[in-house]
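Have a look at the structure below before the remarks.
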DNA sequence: CGATTCAGTCTACGAGTGTTGACTGAACGG
DNA sequence: CCGTTCAGTCAACACTCGTAGACTGAATCG
């Protein structure tokens, strides 16, 4: 019996299993939300075991926190026109296909208070930053509308799958881009 | 012991209790979503009993269906400018304070498949109707963006409570109205 | 090799859920 | 006035969930 090289070292196995669990968690949290996703279902989809999920991630809450962590947006700075361009580019990314991680956060946001706070914090911080650089005394309001528009588009496309929102990101940007620029400059 | 006039007839009592349950259900479904709202909590808030809720409404699902029924929007017809005006007026209503019924549907939509389908159906039908009357070959896309913008504003204001979106409906409409008109006319 | 660590499995517990059915007393109808 | 109906109460059931802990066998290390 050859025992010189094991199929996989322990750390490899561990990393692989954790990754499989995390992937399954993202998919299921994103598809069914926090409450309707069970540790058991995640374990099954990952070809693993509920007890193992608990041991590796501590609790369902902590697993969710890792699975739905919102990647920090790049800083948005410059003239109103530049800001509009940066926001439009960021929106293009968000409209790209199936951002499973953010999707989980988005969906859970409406039933999971902590997730809601995280999304809120992420949006608010970027929005404050943008508002400070926009002209006009309704800058806060206008940057809020930009945020609402962005959120609405992402939700409508990925979660609601609304009619007409299934166009290519380019077509969507062609319609929405000018609006964002208007809101940014205050025209 | 006077027994000629009871405090309340049976039908009165029944109606009152059903109404209390429905009110409590709307509030709790709207605040915590479908899964996190328990029949027990609804019964307690209504000053009633879980068993009674079941007997009157059949099941949690059916209670939710009654509590979160989406009121049909008025038909949207006319020239692009008129359509823009009607959509803006409808949005004004939706931005008014605490539309508990629709709020329950909106929140549940992200975790409760049936609620999602209901919201989707309501939005899609109105959107189709609007798109058919707008000029341009990207009418479907533009009316979709109007829907997304509307959804985004309502969600941002009532559910996320985003910065800047807490302005008065009039201030919001002052910013959003022109955008809707642009999208409607295709300028 | 021998002892130890650790990935992975299995079973079970305690809490909370929707739902059911028996029971009580007051309103109802004849 | 009496039998029936029904609003309201209470206790229990069946089930699912997150979680804890014992156990197994293979990888690891001195």
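Residue numbers (this note's numbering), protein chains in the order written: chain Y, 30 to 216; chain X, 30 to 216. C-beta: ideal position from N, C-alpha, C; glycine also.
- The beta-carbon of residue 208 of chain Y is placed less than 8 angstroms from the nearest beta-carbon of chain X.
- For the segment 187 to 209 of chain Y, the beta-carbon criterion of a distance under 9 angstroms to any beta-carbon of chain X is satisfied by 188, 189, 190, 191, 192, 193, 194, 195, 196, 200, 201, 203, 204, 205, 207 and 208.
- When the beta-carbon positions are compared, residue 151 of chain Y and residue 62 of chain Y stay at least 8 angstroms from each other.
- Linking residue 80 of chain Y to residue 145 of chain Y through their CA atoms gives a straight-line distance of about 28 angstroms.
- Its Cα nearest to that of residue 165 of chain Y, the residue Y:212 stands out among Y:212, Y:186 and Y:194.
- Its chain contains 140 and 141 as the residues whose beta carbon lies nearer than 8 angstroms to that of residue 64 of chain X, once the 5 sequence neighbours on both sides are disregarded; these appear in chain order.
- Within the same chain, and ignoring the five residues on either side of residue 93 of chain X in sequence, the residues whose Cβ sits closer than 8 angstroms to its Cβ are 54, 58, 63, 133, 137, 141 and 144.
- Only residues of its own chain outside the window of five on either side were considered, and among them 179 have a CB closer than 6 angstroms to the CB of residue 120 of chain Y, listed in chain order.
- Closer than 8 angstroms to the CB of residue 132 of chain X there is not a single CB belonging to chain Y.
- Residue environment: residue 118 of chain Y is assigned as exposed (fewer than 16 neighbouring CB atoms within 10 Å of its CB, all protein chains considered).
- One finds nothing in chain Y with a Cβ atom closer than 7 angstroms to the Cβ of residue 88 of chain X; even the nearest lies about 17 angstroms away.
- Annotation: Cβ neighbours of residue 177 of chain Y in chain X (cutoff 7 angstroms, chain order): 181, 182, 185, 191 and 194.
- Pairwise C-beta distances place the segment 106 to 115 of chain X out of contact with the segment 72 to 92 of chain X, as fewer than three of them are shorter than 8 angstroms.
- Closer than 8 angstroms to the CB of residue 160 of chain X there is at least one CB belonging to chain Y.
- The three-state secondary structure of residue 103 of chain Y, taken from DSSP, is coil.
- Buried is the label assigned to residue 192 of chain Y, since at least 16 other Cβ atoms lie within 10 Å of its Cβ.
- Scanning chain Y for C-beta atoms nearer than 8 angstroms to the C-beta of residue 156 of chain X yields 191, 192 and 193, reported in chain order.
- Judged by DSSP secondary structure, residue 42 of chain X falls within the alpha helix (DSSP H) whose first and last residues are 39 to 61.
- Annotation: the continuous alpha helix (DSSP H) that includes residue 152 of chain Y extends over 142 to 160.
- In the structure shown, the three-state DSSP call for residue 181 of chain X is helix.
- CA-to-CA, the gap between residue 190 of chain Y and residue 206 of chain Y works out to about 20 angstroms.
- Contact with chain Y is found for residue 167 of chain X, since one of that chain's Cβ atoms lies less than 8 angstroms from the residue's Cβ.
- Under the criterion of beta carbons closer than 8 angstroms, residue 171 of chain Y and residue 215 of chain Y qualify as touching, at roughly 7 angstroms.
- Any Cβ of chain X closer than 8 angstroms to the Cβ of residue 58 of chain Y would place that residue at the interface, and such an atom is absent.
- Using beta-carbon distances, residue 93 of chain Y does not count as an interface residue toward chain X, since no partner is under 8 angstroms.
- A direct Cα-to-Cα measurement between residue 91 of chain Y and residue 41 of chain X gives close to 50 angstroms.
- Counting along the chain, residue 164 of chain Y sits inside no alpha helix (DSSP H), nor does DSSP assign it H or E at all.
- The Cβ of residue 64 of chain X sits closer than 8 angstroms to at least one Cβ of chain Y.
- Residue contact with chain X for residue 83 of chain Y: absent (no Cβ-Cβ distance below 8 angstroms to any residue of chain X).
- Each of Y:169, Y:159 and Y:183 was checked against the Cα of residue 195 of chain X, and the nearest Cα belongs to Y:169.
- Interface flag for residue 52 of chain X against chain Y is unset, since no Cβ pair is found closer than 8 angstroms.
- Under a criterion of Cβ atoms nearer than 8 angstroms, the residues of chain X adjacent to residue 153 of chain Y are, in order, 191 and 192.
- Residue 163 of chain X is outside the set of residues whose beta carbon lies under 8 angstroms from a beta carbon in chain Y.
- For residue 184 of chain Y, same chain residues with a beta-carbon under 8 angstroms away, outside a window of 5 residues either side, are 135 in chain order.
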